[in-house]
Amino acid sequence: MNATRGTSVGLAALGALALACNLDKGPVAPRASIRADQVAAAVSSFVCDVDGATWEGDPDAAVLHDLAPSGVMRVAFNYNNRNNAARNPITGQLTGPGIDMTCKLAQGTHAQFVAVPYNGVPPLLAGLANGEWDAAFAFDQTLEPPGITAAIPHIAVENTYLVRGDAPFQKVADVDAPGVRISVAEGNSPDIYLSHTLKYATLVRTPATPQALDLLRTGQVDAFAGGRGPQVIAFIACCGGRLLPDNFLIANLAIVVPDTAQAHSSAGLQYIDEFVDWAKTSGLVQVAIDRANQGGTHVTPPLAPEPRIAFLQRHVARLVESGVLNDGQGNALGVKLEGALRKLAEGETEPAMNKLGAFINQVEAFRGAGMLSEEESASLLLIARDVVAKATDGLALAGGVQ
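First residue of the sequence shown? That's 43 in our numbering, and the numbers climb one at a time after it.
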């Protein structure tokens, strides 16, 4: 296992990182930077030690402008949600799905990254307002507040109520009753969702999950709203209680970026979409979930073929722009992807997959001729083959009926 360590960064080191260059593109003018008086608390250590496939994203200037405007990717983590990251209270080191995914994203982008930790959603959003991060692991994409845009979701998290063992509640609907008090970490997915859906019960917000659980332990609330992860299981082991069998929310967590109106194009977000699709397909997201030992969590389902083929189109376009492929080679791949999309629009799945099969053969030919590296071709082939496999399985289940 090869591990790359990201250590706590002091003033001088962070300054060097902020001036870092993309070796192919030269220096990139910074859009915003972390203030000097925030450095000690703002940057956390991490270790890149997740095994598995490697993604090659072939980023262009527009992607780097959005995701690493200072030459370094500043990625924020809400470590109050362990489906994003957890922070060691003694060493400050971050671990978790968000760290594992960002390590692979940065590797495929050929960029350094610094981890910017926040204990909860409100400080993370304050960091957004201060221009402290370029991307973040936060909350459910459908619950996003103004000022951010979400990529496609990668992790689905079950959210339910934790109640005392002698509580009368047997299902989620029972909890929304007059006089019932529910503790929740402020600004997280359960808080945002329940704020809009509860009719009778009252939310009691705390800065983070441990405080919300403590309110249940001390009898100040009747239920805690959150996931089914290790924090809740540890609470049950030490203090008693039970989780209700059903869920009030399946939170689909996603990477978020500042809105395109805030000096961003859509290139960075689209690039992250491609990466997330690859991370789900390659098994990286499942590995990250398993390493974090998070209960009630699973990988979100794959997208339909059309957006995934569009991801391939954008990747091919970047290969042409960077000079890896010439215009003719790019067109040879592009026409096959365009043909696949056209056939899908006409409802002809099998011919569409034949077009995508021709794309796969062409990529393999370019790899064999040395026009594409193993890494460049692998990233394209993994997605294309998975689209074909899932569509073929769908046709088989439907008996081949279009």
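In this text, a Cβ means the ideal position worked out from N, Cα and C, and glycines have one as well.
- [ ] Compare the beta carbon distance of Ser419 and Phe408 with 8 Å and say whether it is the shorter of the two.
- [x] Along the sequence shown, one-based indexing puts residue 419 at 377. Along the sequence shown, one-based indexing puts residue 408 at 366. Result yes, Cβ atoms of Ser419 and Phe408 sit closer than 8 Å.
Open item on the list: Within a Cβ cutoff of 7 Å, which residues of the same chain sit near Leu170, ignoring the five residues on either side of it in sequence?
Closed with: Here the question's residue 170 lines up with position 128 in the sequence shown. By the criterion of a C-beta distance shorter than 7 Å, Leu170 is surrounded in its chain by Gly189, Ile190 and Pro300, once the five residues flanking it on both sides are discounted.
Open item on the list: According to DSSP, is Gly372 part of a helix, a strand, or is it coil?
Closed with: In the sequence shown, counting from the first residue as 1, residue 372 sits at position 330. Reduced to three states, the DSSP call for Gly372 is helix.
- [ ] Pull up the distance between the alpha-carbon of Ala394 and that of Ile402, whole angstroms please.
- [x] The count along the sequence shown starts at 1 and reaches residue 394 at position 352. The count along the sequence shown starts at 1 and reaches residue 402 at position 360. If I take the Cα positions, the gap works out to 13 Å.
Open item on the list: For the structure I just gave you, are there three or more beta carbon pairs, one from the region 123-140 and one from the region 322-336, closer than 8 Å?
Closed with: Counting C-beta pairs closer than 8 Å gives three or more between the region 123-140 and the region 322-336, which meets the contact rule.
Task: His238 classed as buried or exposed, judged by whether at least 16 other C-beta atoms fall within 10 angstroms - done: If you number the sequence shown from 1, residue 238 lands on position 196. With fewer than 16 Cβ atoms within 10 Å of its Cβ, His238 is classed as exposed.
Open item on the list: To the nearest angstrom, how far is the alpha carbon of Val199 from that of Ile275?
Closed with: Position 157 of the sequence shown holds residue 199. Position 233 of the sequence shown holds residue 275. Going by the C-alpha atoms only, they are around 15 Å apart.
- [ ] State yes or no: is the C-beta of Gln336 within less than 8 Å of the C-beta of Arg124?
- [x] As a first step, residue 336 must be located in the sequence shown, where it is residue number 294. As a first step, residue 124 must be located in the sequence shown, where it is residue number 82. Yes; because the gap between Cβ atoms is below 8 Å, this pair is in contact.
Task: Rounded straight-line distance, which links the Cα of Cys281 to that of Glu316 - done: As a position in the sequence shown, residue 316 is number 274, starting the count at 1. As a position in the sequence shown, residue 281 is number 239, starting the count at 1. Their Cα atoms are separated by approximately 43 Å.
Task: As assigned by DSSP and simplified to three states, the class of Thr96 - done: On the sequence shown, residue 96 is found 54 positions in, with the first residue counted as 1. Of the three classes helix, strand and coil, the one that applies to Thr96 here is coil, per DSSP.
TODO: With a threshold of 16 other CB atoms inside 10 Å of the CB of Gly436, please say whether the residue is buried or exposed.
DONE: One-based indexing of the sequence shown puts residue 436 at position 394. Flag for Gly436 reads exposed.
TODO: For the region 108-115 and the region 139-156, state whether three or more C-beta atom pairs, one from each stretch, are separated by less than 8 Å.
DONE: yes
TODO: Mark Ser308 as exposed unless 16 or more other C-beta atoms lie within 10 angstroms of its C-beta, in which case mark it buried.
DONE: Translated into positions along the sequence shown, residue 308 becomes position 266. Exposed, since its Cβ has fewer than 16 Cβ neighbours within 10 Å.
- [ ] Whole angstroms is fine: what's the gap from Pro449's alpha carbon to Ala180's?
- [x] Examination of residue 449 is not possible in this model, given that the chain is present from 43 through 444 alone.
- [ ] Indicate the three-state DSSP secondary structure (helix, strand or coil) for Thr434 in the structure shown.
- [x] Position 392 of the sequence shown, counted from the first residue, corresponds to residue 434. Three-state result, Thr434: helix.
TODO: Just grab the DSSP bridge partners of Arg116 for me.
DONE: Locating residue 116 in the sequence shown gives position 74, counting from the first residue. Answer is Val156.
Open item on the list: Using a Cβ-Cβ cutoff of less than 8 Å, which residues in the same chain neighbour Glu406 once the five nearest sequence positions on both sides are dropped?
Closed with: Counting from one through the sequence shown, the residue named residue 406 turns up at place 364. Once the five neighbours on either side are set aside, the close Cβ partners of Glu406 are Ser419 and Leu423.
TODO: Apply the 10 Å Cβ neighbour rule to Gly389 and answer buried if 16 or more other Cβ atoms are within range, or exposed otherwise.
DONE: Translated into the one-based positions of the sequence shown, residue 389 becomes position 347. When all chains shown are included, Gly389 counts as exposed.
Open item on the list: Leu286 and Pro378 - do their beta-carbons sit closer together than 8 Å?
Closed with: The residue you call residue 378 lines up with position 336 of the sequence shown. The residue you call residue 286 lines up with position 244 of the sequence shown. Checking the displayed sequence, the identity of residue 378 turns out to be Lys instead of Pro. Taking a C-beta distance under 8 Å as the contact criterion, Lys378 and Leu286 do not qualify as a contact pair.
TODO: Could you say which of Ile194, His340, Val341 and Asn201 lies nearest to Ile297 if we only look at CA atoms?
DONE: The sequence position of residue 297 within the sequence shown is 255, counting from 1. Closest by alpha carbon: Ile194.
Task: Boundaries (first-last residue) of the alpha helix (DSSP H) holding His357 - done: Working through the sequence shown from its first residue, we reach residue 357 at position 315. Run containing His357: Pro347 to Glu363, per the alpha helix (DSSP H) assignment.
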